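Everything below concerns the one structure shown next.
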Amino acid sequence: MGYLASEYLEHMKATEKTDVFGFGVVSLEVATGKRPIDREHPQSHDIINLVDWVCGLHTKDQLMDAIDPRLTGECDRGEAMRLFLVGLICANPDCTESPSMRRVLRIMNCKAEVLIVRAQGEAVPHFFLWPPSECA
Numbered sequence: 003m004g005y006l007a008s009e010y011l012e013h014m015k016a017t018e019k020t021d022v023f024g025f026g027v028v029s030l031e032v033a034t035g036k037r038p039i040d041r042e043h044p045q046s047h048d049i050i051n052l053v054d055w056v057c058g059l060h061t062k063d064q065l066m067d068a069i070d071p072r073l074t075g076e077c078d079r080g081e082a083m084r085l086f087l088v089g090l091i092c093a094n095p096d097c098t099e100s101p102s103m104r105r106v107l108r109i110m111n112c113k114a115e116v117l118i119v120r121a122q123g124e125a126v127p128h129f130f131l132w133p134p135s136e137c138a
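Reading the sequence shown from the start, the letters are residues 3 to 138 in my numbering.
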């Protein structure tokens with residue numbers, strides 16, 4: 003369930019944007035080492051949604067706190083940030099704001115001019131600009 007876009011669950015119709023959403027969730031899963039939907043603790047009944055959790059950290063400017071601890075010291079901060087942001091824009095609950103996979107590829111290859119991420123659940127959108135100059 004964690005890989006399915008809300009519009010698919012609502013209309014039961016797969017589109018290109020459904021795949022983009024799934025790619026975003028997989029990107030966040032790779033960056034964090036966490037499952038898309040998981041329990042907070044093995045004995046807990048509290049469910050954690052990966053996209054919501056990462057988005058919450060993003061709104062507090064704590065995105066790098068979500069990095070998989072097994073990657074500490076082995077990952078490039080800029081590449082990790084790019085993966086998080088791509089994951090968030092792809093897993094946007096508003097599919098009309100999701101990028102095309104062509105755009106995602108350009109962003110990942112540092113060929114896109116600006117990456118814009120809007121944090122979910124904010125009354126006023128919070129934009130994070132990621133210029134390609136960070137690709138060094």
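From the three backbone atoms N, C-alpha and C, an ideal C-beta is built for every residue, glycine too.
No experiment lies behind these values; they were computed from the predicted model shown.
So, helix, strand or coil for I69, using DSSP?
Residue state, collapsed to three classes: coil.
Just checking, does the segment 65-77 make contact with the segment 95-107 on the three C-beta pairs under 8 Å criterion?
These segments do not touch.
Any idea what DSSP makes of D48, helix, strand or coil?
In the structure shown, D48 sits in coil (DSSP, three-state: anything other than H, G, I, E or B).
Which word fits R84, buried or exposed, when buried means at least 16 other C-beta atoms lie within 10 angstroms of its C-beta?
When all chains shown are included, R84 counts as buried.
By how many angstroms is the C-alpha of H60 removed from the C-alpha of A93?
The straight-line gap from Cα to Cα measures roughly 13 Å.
Could you check whether A82 and A114 sit closer than 8 Å to each other, using their CB atoms as the reference points?
No, they are not a contact pair.
Identify whether D63 lies in helix, strand or coil by the three-state DSSP scheme.
In this structure, D63 counts as coil in the three-state DSSP scheme.
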